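**Student:** Residue numbers (our numbering), protein chains in the order written: chain C, 1 to 376; chain F, 1001 to 1376.
Here a beta-carbon is modelled for each residue, glycine too, at the ideal position from N, C-alpha and C.
Everything numeric in this text was worked out from a predicted model, so none of it was measured.
Input: one structure, supplied below.
Number of protein chains: 2
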Amino acid sequence: MLAFRTALARSDAMIVCGGLGPTQDDITRAALAEVMNVPLDRDDALVATIRTMFETRGRTMPDNNLLQADVPRGAAIIPQTRGTAPGLICRVGQKVVYAVPGVPYEMSDMFERAILPDLLERQRQAGETSVIRSRVLRTWGASESALAEAVAERFDALAEGGGVTIAFLASGIEGIKVRLTARGEDDAQAEALLAGEEKTVRAMIETKLGEIIFGVDDQSMEHVVAAQLQARGKTLAVAESLTGGLIASRLVNVPGASAWFRGGVVSYASEVKFDVLGVPEGPVVSAAAAEAMASGVRRLLKSDVGLSVTGVAGPEEQDGQPAGTVFVGLDLDGECSSVRLHLPGDRPRVRAYSTISALDVLRRALERTLVAPPLT
Amino acid sequence: MLAFRTALARSDAMIVCGGLGPTQDDITRAALAEVMNVPLDRDDALVATIRTMFETRGRTMPDNNLLQADVPRGAAIIPQTRGTAPGLICRVGQKVVYAVPGVPYEMSDMFERAILPDLLERQRQAGETSVIRSRVLRTWGASESALAEAVAERFDALAEGGGVTIAFLASGIEGIKVRLTARGEDDAQAEALLAGEEKTVRAMIETKLGEIIFGVDDQSMEHVVAAQLQARGKTLAVAESLTGGLIASRLVNVPGASAWFRGGVVSYASEVKFDVLGVPEGPVVSAAAAEAMASGVRRLLKSDVGLSVTGVAGPEEQDGQPAGTVFVGLDLDGECSSVRLHLPGDRPRVRAYSTISALDVLRRALERTLVAPPLT
């Protein structure tokens, strides 16, 4: 309650995450009612909604969940679509408090569906008309500092003015993001500024660092690979050792993956590589083993393309190779190749880097191949 | 800078995440120097360390990275073990600012290695002697409100006093955590309070809700399953359809997984289920298909135990089954069984729930089997 008052004294709007659950330690509703100086009313429609939610899952609503139907008088309700606790929009004088569940999956849904539109509407009413738009260029394979050097000249020029700013976001296992942000008087102006700037910055990066930009905004590496496979009418199978299924699990996240993804083999034990994928006996951390894994899984799962990863997650070395040594194998319609990588970090990190690196190897290889003619 | 001053006016210690990168928009170092009213000095030892870090990865350090060796005079350095930006400990009068990189993987390392010990030492110097200890009981398969009802009586009793508090943490795809927190005059007293309370709360939960507590504190579901397999001397293989490798990728996270994990097959396309796993042609979202997948992967990968998942991630139905219908199959030394689940949520959520549910089915099955006699 004190925290609410302190925050509201400094800010026009406030988002409270969590404390809306059905248990005794969930105190957000009561604290909000106190700050608003109103009583809590039990909302009958909410009670019915929560009860139905339990019943459709074949469960009885515990009495505790009735607490989640309590609403500070005058507050607006953000309906739930993913859990049981509704969100709340509470006006406090000219200011506003948004209360949403702490579960990230429920919170982000309410943010996009209710909070963002409400904030934009408040901004409009306050007479603020300029708009801010941003675009993210997603890269894999260069360090943040190398990217900064590549665009340093432009960064400095923009610092003198130009309506656009550049920021670098190191997202760890997903590579470095280059974010362009433009402020304009309206959508069209901001978007035009962004489009021009993207062209300039993209050219600077590609000249200095090659084809490291794999996507824009929300495009993940697997979405890009999926689009390339579909454009070429190719199916894919993967053979994974140290990544243990991480590559496959990213690929099935793409909507419609069943059109081009056959599946995979997690050949964690060496004997699985020999017996199931037909890898010749010998060192399993090698270019030859990676290529044999890619061919083996392509044959076994009857796909056009086979992608494989074998390597040393660490901390100990294996087959005389130090931790972080990873081979990515590729079999494109029977044509085999492999790439050797040396990746930093502990076990989970080496795995995560291996996963995105393998997809990037596939992306670059597919980019070099011509689009196959449509099947007739 | 204003933000630093505002925060320091309210708090004794402050953690700043991010802004320590090598690019032009990384301003934390300069802002700290200003708040401390000292100049920035370039640290030669840091320059050497950062340069070496690049060289061991076969790269040349860009000049931009020199910025990361700038240190506000008088600040202590938190050495990097995972990236390039060192952390900083800056005393500001009686208060302290910890500056760490924003990359979560680097930040959490520095927090545990340097910030937490420093905070504890400051607490000790301030004469604070009581200790707070907590223990988390991890559950899968009950709602937060059902758990709260199960322990309601105890919760209310503790509210009257007793030195222990209970909190419920809904972590979404990892189930509900029940956290017990005790304050004592020393470690021994706090731990004794916790041990007694754990026994009481555990009994209340298990009486009302069955064997839903799968682990304690940091124990994940895969760690528990791994320990059970090792105790019984059994090896495991998995066959995954809608989870697309998520189960396998969790299992390989357990250190020493190669001792008991053979690998898996991601049979995303139905033909892979028929051709590779020997599932009889017919509906692939069924108890029979789940059991055939478990047996098939056990045979193919030569393991003692086969675990499988097949189901409908949605949004469309499949084989006449609605989204969220999932079958978990199990083949324990040739004995087959299956469990049917109905899971809520969108595609990623159904996948995540399927993954932990499948591991939980295996956990409960292994718990019921006797420990195998040691091999002689």
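Please say whether F1168 (chain F) and D25 (chain C) have beta carbons closer to each other than 9 Å?
**Tutor:** Working through the first sequence from its first residue, we reach residue 25 (chain C) at position 25. Working through the second sequence from its first residue, we reach residue 1168 (chain F) at position 168. Taking 9 Å as the Cβ cut-off, D25 (chain C) and F1168 (chain F) qualify as a contacting pair.
**Student:** Evaluate the contact criterion for the segment 1251-1270 of chain F versus the segment 220-231 of chain C: three or more CB pairs, one atom per stretch, below 8 Å.
**Tutor:** no
**Student:** On a CA-only basis, which of F:V1131, F:L1180, F:A1099 is nearest V1035 (chain F)? Give me that one, please.
**Tutor:** Here residue 1035 (chain F) is taken as the residue at index 35 of the second sequence, counted from 1. Taking only the C-alpha atoms, the option nearest V1035 (chain F) is F:A1099.
**Student:** Name the DSSP beta bridge partners of S72 (chain C), please?
**Tutor:** Against the first sequence, residue 72 (chain C) aligns to sequence position 72. Contrary to the premise, residue 72 (chain C) reads as Pro rather than Ser in this sequence. For P72 (chain C), which the question treats as bridged, DSSP gives the partners C:L40.
**Student:** Once DSSP output is grouped into helix, strand and coil, what is the label at M1 (chain C)?
**Tutor:** Taking the first sequence and counting its residues from 1, one reaches residue 1 (chain C) at position 1. Reduced to three states, the DSSP call for M1 (chain C) is coil.
**Student:** Which residues, in order along the segment 1138-1168 of chain F, keep a beta-carbon less than 9 Å from a beta-carbon of chain C?
**Tutor:** S1143, E1144, S1145, A1146, L1147, A1148, E1149, A1152, F1155, D1156, A1159, T1165, I1166, A1167, F1168
**Student:** Per DSSP, what are the beta-bridge partners of E240 (chain C) in this structure?
**Tutor:** In the first sequence, residue 240 (chain C) corresponds to position 240, counting from 1. In the DSSP output, where bridge partners are listed per residue, E240 (chain C) has C:V266, C:V309.
**Student:** Would a check of beta-carbon distances place T207 (chain C) closer than 9 Å to chain F?
**Tutor:** Translated into the one-based positions of the first sequence, residue 207 (chain C) becomes position 207. No, T207 (chain C) lies away from the interface with chain F (no Cβ there is under 9 Å from its Cβ).
**Student:** Given a limit of 8 Å on CB to CB distance, which residues of the segment 20-31 of chain C reach chain F?
**Tutor:** G21, P22, T23, Q24, D25
**Student:** Apart from the five residues just before and just after P1373 (chain F), which ones in its own chain have a Cβ nearer than 6 Å to its Cβ?
**Tutor:** The residue you call residue 1373 (chain F) lines up with position 373 of the second sequence. Reliability of the predicted coordinates at P1373 (chain F) is poor, the pLDDT of 48 falling under 50, and the value obtained from them is presented with this limitation in mind. Within the same chain, P1373 (chain F) has no close Cβ partners at all.
**Student:** Tell me which same chain residues have a C-beta within less than 6 Å of the C-beta of D319 (chain C), skipping the five on either side of it?
**Tutor:** Within the first sequence, numbered from 1, the residue matching residue 319 (chain C) stands at position 319. P283, V285, listed in sequence order.
**Student:** Check whether chain F comes within 9 Å of R298 (chain C), counting only Cβ atoms and requiring the distance to be less than that.
**Tutor:** If you number the first sequence from 1, residue 298 (chain C) lands on position 298. With 9 Å as the cut-off, R298 (chain C) does not count as an interface residue toward chain F.
**Student:** Closer than 9 Å, CB to CB, is I213 (chain C) near chain F or not?
**Tutor:** The residue you call residue 213 (chain C) lines up with position 213 of the first sequence. I213 (chain C) does not count as touching chain F.
**Student:** Pairing CB atoms from the segment 1015-1034 of chain F with CB atoms from the segment 1097-1115 of chain F, are three or more of them under 8 Å?
**Tutor:** Contact holds: three or more Cβ-Cβ distances are below 8 Å.
**Student:** Just checking my contact of V1103 (chain F) with L1137 (chain F) at CB under 8 Å: how many whole Å lie between their CB atoms?
**Tutor:** Numbered from its first residue, the second sequence carries residue 1103 (chain F) at position 103. Numbered from its first residue, the second sequence carries residue 1137 (chain F) at position 137. Wrong, their Cβ atoms sit about 31 Å apart, outside the cutoff.
**Student:** Compute the beta-carbon to beta-carbon distance between V350 (chain C) and A292 (chain C), rounded to the nearest angstrom, for a pair I have assumed lies under 8 Å.
**Tutor:** Here residue 350 (chain C) corresponds to residue number 350 of the first sequence, with the count starting at 1. Here residue 292 (chain C) corresponds to residue number 292 of the first sequence, with the count starting at 1. Contact doesn't hold; Cβ gap of about 22 Å is too wide.
**Student:** According to DSSP, which residues form a beta bridge with G1329 (chain F)?
**Tutor:** In the second sequence, the residue the question calls residue 1329 (chain F) occupies position 329. Paired residue(s): F:S1308, F:S1338.
**Student:** So which residues on chain C does A1269 (chain F) lean against when the C-beta distance must stay under 8 Å?
**Tutor:** For the purposes of this step, residue 1269 (chain F) is taken as residue 269 along the second sequence, with counting starting at 1. For A1269 (chain F), the chain C residues whose C-beta falls within less than 8 Å of its own C-beta are S258, F261, R262, G263, L301, listed in chain order.
**Student:** Using 8 Å as the Cβ pair cut-off and three pairs as the minimum, do the segment 1195-1202 of chain F and the segment 1235-1245 of chain F touch?
**Tutor:** no
**Student:** Is there at least one Cβ from chain F nearer than 9 Å to G74 (chain C)'s Cβ?
**Tutor:** Here residue 74 (chain C) refers to the residue found at position 74 of the first sequence. False, the Cβ-Cβ gap to chain F never drops below 9 Å.
**Student:** Could you give the first and the last residue of the continuous beta strand (DSSP E) run that contains G184 (chain C)?
**Tutor:** For the purposes of this step, residue 184 (chain C) is taken as residue 184 along the first sequence, with counting starting at 1. Note, G184 (chain C): beta strand (DSSP E), 176-184.
**Student:** Are there 16 or more other CB atoms within 10 angstroms of the CB of L2 (chain C), so buried, or fewer, so exposed?
**Tutor:** One-based indexing of the first sequence puts residue 2 (chain C) at position 2. Answer is exposed; the Cβ neighbour count stays below 16.
**Student:** Less than 9 Å between the beta carbons of L242 (chain C) and V309 (chain C), yes or no?
**Tutor:** In the first sequence, the residue the question calls residue 242 (chain C) occupies position 242. In the first sequence, the residue the question calls residue 309 (chain C) occupies position 309. It is a contact, given that the beta carbons lie within the stated cut-off.
**Student:** Within 10 angstroms of the Cβ of I115 (chain C), are there 16 or more other Cβ atoms? Answer buried if so, exposed if not.
**Tutor:** Within the first sequence, residue 115 (chain C) is the residue found at index 115, counting from 1. So I115 (chain C) ends up on the buried side.
**Student:** I'd like the span of the alpha helix (DSSP H) that includes M14 (chain C), first residue to last.
**Tutor:** Translated into positions along the first sequence, residue 14 (chain C) becomes position 14. That residue, M14 (chain C), is in no alpha helix (DSSP H); its beta strand (DSSP E) goes 13-17.
**Student:** Tell me which residues of the segment 90-115 of chain C have at least one Cβ-Cβ distance to chain F shorter than 9 Å, keeping chain order.
**Tutor:** With the criterion set as a beta carbon lying under 9 Å from some beta carbon of chain F, the members of the segment 90-115 of chain C are P101, G102, V103, P104, Y105, E106, in sequence order.
**Student:** Considering I1214 (chain F), what are the terminal residues of the beta strand (DSSP E) in which it resides?
**Tutor:** To locate residue 1214 (chain F), count along the second sequence from 1; it is residue 214. The question names Ile, but residue 1214 (chain F) is Phe in the sequence shown. First-last of the beta strand (DSSP E) with F1214 (chain F): 1213-1216.
**Student:** Pick helix, strand or coil for V225 (chain C), following the three-state DSSP scheme.
**Tutor:** Translated into positions along the first sequence, residue 225 (chain C) becomes position 225. In the structure shown, V225 (chain C) sits in a helix (DSSP, three-state: H, G or I).
**Student:** In whole angstroms, what is the alpha-carbon distance linking R42 (chain C) and D1218 (chain F)?
**Tutor:** One-based indexing of the first sequence puts residue 42 (chain C) at position 42. One-based indexing of the second sequence puts residue 1218 (chain F) at position 218. One C-alpha to the other measures close to 38 Å.
**Student:** Tell me which residue opens and which closes the beta strand (DSSP E) that R1095 (chain F) is part of.
**Tutor:** Walking along the second sequence from the start, residue 1095 (chain F) turns up at place 95. Checking the displayed sequence, the identity of residue 1095 (chain F) turns out to be Lys instead of Arg. Note, K1095 (chain F): beta strand (DSSP E), 1095-1100.
**Student:** For the alpha helix (DSSP H) that contains R91 (chain C), what are its first and last residues?
**Tutor:** As a first step, residue 91 (chain C) must be located in the first sequence, where it is residue number 91. In the DSSP assignment, R91 (chain C) falls outside any alpha helix (DSSP H) and within the unbroken beta strand (DSSP E) covering 87-92.
**Student:** Tell me which residue opens and which closes the alpha helix (DSSP H) that I1356 (chain F) is part of.
**Tutor:** The residue labelled residue 1356 (chain F) in the question sits at position 356 within the second sequence. Counting along the chain, the alpha helix (DSSP H) containing I1356 (chain F) begins and ends at 1347-1368.
**Student:** How would you write the range of the beta strand (DSSP E) that S134 (chain C) sits in, first residue to last?
**Tutor:** The residue labelled residue 134 (chain C) in the question sits at position 134 within the first sequence. Unbroken beta strand (DSSP E) run through S134 (chain C): 131-139.
**Student:** On the three-state DSSP scale, how would you describe L32 (chain C)?
**Tutor:** Your numbering for residue 32 (chain C) matches position 32 in the first sequence. L32 (chain C) falls in the helix class under three-state DSSP.
**Student:** Flag this pair as yes or no: are the beta carbons of A365 (chain C) and I247 (chain C) separated by less than 9 Å?
**Tutor:** As a position in the first sequence, residue 365 (chain C) is number 365, starting the count at 1. As a position in the first sequence, residue 247 (chain C) is number 247, starting the count at 1. No. Outside cutoff.
**Student:** With a threshold of 16 other CB atoms inside 10 Å of the CB of N37 (chain C), please say whether the residue is buried or exposed.
**Tutor:** On the first sequence, residue 37 (chain C) is found 37 positions in, with the first residue counted as 1. Per the 10 Å Cβ criterion, exposed.
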